[in-house]
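Structure first, then comments.
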Amino acid sequence: MNTLTDRYLAATLRSVPTQRRDEIATELRASIDDMIEGRTDGGQDAATAEREVLTELGNPDVLAARYADRRLQLIGPTYYLLWLRLLKLLLSFIPALVGTIVTVVEAAEGKGFGAIGPGIVAAMQVAVQIAFWLTVTFAIIERTQTAVDLPEWTVDQLPDAPARRGIPLADTIASVIMLVLTIAYLPLQHYHSWVSGTDGENIAILDPALWSFWLPALIGVLALSVIFEVVKYRIDRWTWALFGTKVLLDLAFAVPLAWLALSDRLLNPALAKRLSWVAEAENREGLGLAIAVGAAAIVVWDLIDTARKTRQQTTA
Amino acid sequence: MVSEDVLRTHLQELRRGTVVVASLVALRRPDYGYALLQRLSDHGFPVDANTLYPLLRRLEDQGLLTSEWNTEESRPRKFYRTSDEGESMLNRLLDDLAAVQTSITGLIQGVER
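Going line by line, the protein sequences match chains D and G. For this note's numbering, add 7 to where a residue sits in the first sequence, where the first one is 1. For this note's numbering, add 4 to where a residue sits in the second sequence, where the first one is 1.
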């Protein structure tokens, strides 16, 4: 016998606790037969009646869950908020931390920019692992109905009402990361550019002679800019004093850069021997002009944007 | 115009607890699952079979119902009956239901339309 009813019973009983399976089976079969009989007495044919009755009883997994008093949810309302808070907390710094460590270690082994890839991969793997194991833990707690003593909520836990930030944290972080990457690039290109000489030695992009003064000076300006970003975040709004400092810092970086580019002192002369395109004076002039114009455009745009924000935030 | 979905959810919420009360009342006279289902729906308590059958077992587990197998008829049937414990629980529930009705009546009279 393998009627629809048999199949339905088998599907339902599959996930009902064993010790009560037989009893539930007998009772449920009798109930189904009763329901079918109720319909055939009304003149329906048996096959249609069986189909309709089983449809009415619905998905056997749902019915089994009701018999077993089992919850059809991974993490219920009791633990959901705690799960979410822990997940956010852990994801907020651990993947970034691991990713940074991996990048630093790989970079120390001389991978140069190639170190960023493994760092990102490691961060993503860690994030997935955290999410998975945290969720598994909570799903188990939910199912074992372990009484976890959650601290009662009190009014003292209320956070301060958020003041509207004039300087968003995300902007500050993005700026600092850009600055740090630029600072890191300057020494990096000296030891690991992607250009190598005839006998495989590394050829720096920027003229090594600049290390006597200009490159350290530019790094100093960038470091000051990092400090500036942090101070700006603490003050939490643009002021005209900050705007003035910003003008000085922007010019202190862009003017030497443009001047070096225009006077053809930026690129390593050794590059010309290796890359024929760089060897031609005309190309070098064009490149220098492009760098100078680009730097000027960025500074002008940045200062207009900053002036606009400063005016908004000082008049408000 | 209230949407049908919203109405259905609220009616469901309102009816949910009354199924237990109705079953405990009805099972003062012993009965088996399908017959109880019929009796309840005849008296204006339409219950889904897939809700009622598991509910009966749960009430039995909680000691509010007792059960007995009847094998004399064509198929074996499990007859449920409201236990003493179920009876005292039922009285509490009926009191509360009456209290809800009283409160609602009072509220309706107190609020001008």
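Glycine included, C-beta positions come from ideal geometry on N, C-alpha and C. Since we're looking at a predicted model, the values are computed, not measured.
Residue-level contact check: Ala30 (chain G) does not touch chain D, since none of the beta carbons of chain D fall below 7 Å from its beta carbon. What Gly65 (chain D) touches in chain G, judged by beta-carbon distance under 7 Å, is Asn54, going in chain order. Using a Cβ-Cβ distance cut-off of 8 Å, the stretch 77 to 88 of chain D and the stretch 67 to 74 of chain G are not in contact, since fewer than three pairs of beta carbons, one from each stretch, lie closer than that value.
For Asn74 (chain G), the beta-bridge partners assigned by DSSP are G:Arg81.
Contact annotation: Ile234 (chain D) and Ile190 (chain D) have beta-carbon atoms that are not nearer than 7 Å. A straight-line Cα-Cα distance of about 27 Å links Ser22 (chain D) and Thr75 (chain G). Under the 7 Å criterion on CB atoms, Tyr86 (chain D) is classed as non-interfacial with respect to chain G.
Where Val29 (chain G) is concerned, the enclosing alpha helix (DSSP H) starts and stops at Glu8 to Ala30. At the C-beta level, Ala265 (chain D) and Ala302 (chain D) come within 7 Å of one another. Interface criterion not met: the Cβ of Leu16 (chain D) is under 7 Å from no Cβ in chain G. When DSSP reads this structure, Thr86 (chain G) sits in a beta bridge with G:Leu69. Assignment of beta-bridge partners to Leu274 (chain D) by DSSP yields D:Leu213. At a cut-off of 7 Å, the C-beta of Arg19 (chain G) has no neighbouring C-beta in chain D. The alpha carbon of Phe100 (chain D) has as its nearest neighbour, out of D:Val307, D:Ala134 and D:Ala288, the alpha carbon of D:Ala134. Relative to the Cα of Ala72 (chain D), the nearest Cα in the group D:Val300, D:Arg150 and D:Trp218 belongs to D:Arg150. Collapsing the DSSP output to three states places Asp156 (chain D) in coil.
If only uninterrupted alpha helix (DSSP H) runs of at least 4 residues are considered, those enclosed by the stretch 19 to 88 of chain D are 28 to 47, 53 to 64 and 67 to 74. Checking the DSSP bridge columns, you'll see Tyr36 (chain G) partnered with G:Phe83. Listed by position along chain D, the residues whose Cβ is nearer than 9 Å to that of Gly114 (chain G) form an empty set, because the closest Cβ is around 33 Å away. In the three-state reduction of the DSSP assignment, Phe49 (chain G) falls in the coil class. Residue state for Asp309 (chain D) is assigned as helix, using DSSP reduced to three classes.
Contact between the stretch 306 to 317 of chain D and the stretch 12 to 22 of chain G is absent: fewer than three C-beta pairs spanning the two stretches fall below 8 Å. Of all residues in the stretch 138 to 158 of chain D, none is placed with a Cβ closer than 7 Å to any Cβ belonging to chain G.
Under the three-state reduction of DSSP, Arg244 (chain D) is assigned to coil, being neither helix nor strand. For Arg81 (chain G), the nearest CB of chain D lies under 7 Å from its own CB, placing it at the interface with that chain. For the pair Pro58 (chain G) and Tyr15 (chain D), the CB atoms are not nearer than the 7 Å cut-off. 7 Å or more divides the Cβ of Leu11 (chain D) from the Cβ of Asn54 (chain G). For Thr189 (chain D), the enclosing alpha helix (DSSP H) stretches over residues Leu176 to Tyr198. The Cβ of Ala37 (chain D) sits closer than 7 Å to at least one Cβ of chain G. For Glu149 (chain D), the enclosing alpha helix (DSSP H) covers residues Ile123 to Thr151. A contact between stretches requires three or more CB pairs, one per stretch, nearer than 8 Å, and the stretch 83 to 100 of chain G fails this requirement with the stretch 42 to 49 of chain D.
Proximity of chain G to Asp40 (chain D) at the Cβ level (cut-off 7 Å) is accounted for by Arg79, in chain order.
Not a single C-beta of chain D is nearer than 7 Å to the C-beta of Pro34 (chain G). Exposed is the label assigned to Pro24 (chain D), since fewer than 16 other Cβ atoms lie within 10 Å of its Cβ. Short of 6 Å from the beta carbon of Ser182 (chain D), and not among the five residues preceding or following it, lie these beta carbons of its own chain, in chain order: Glu236. A straight line joining the alpha-carbon of Asp46 (chain G) with that of Gly37 (chain G) spans about 14 Å.
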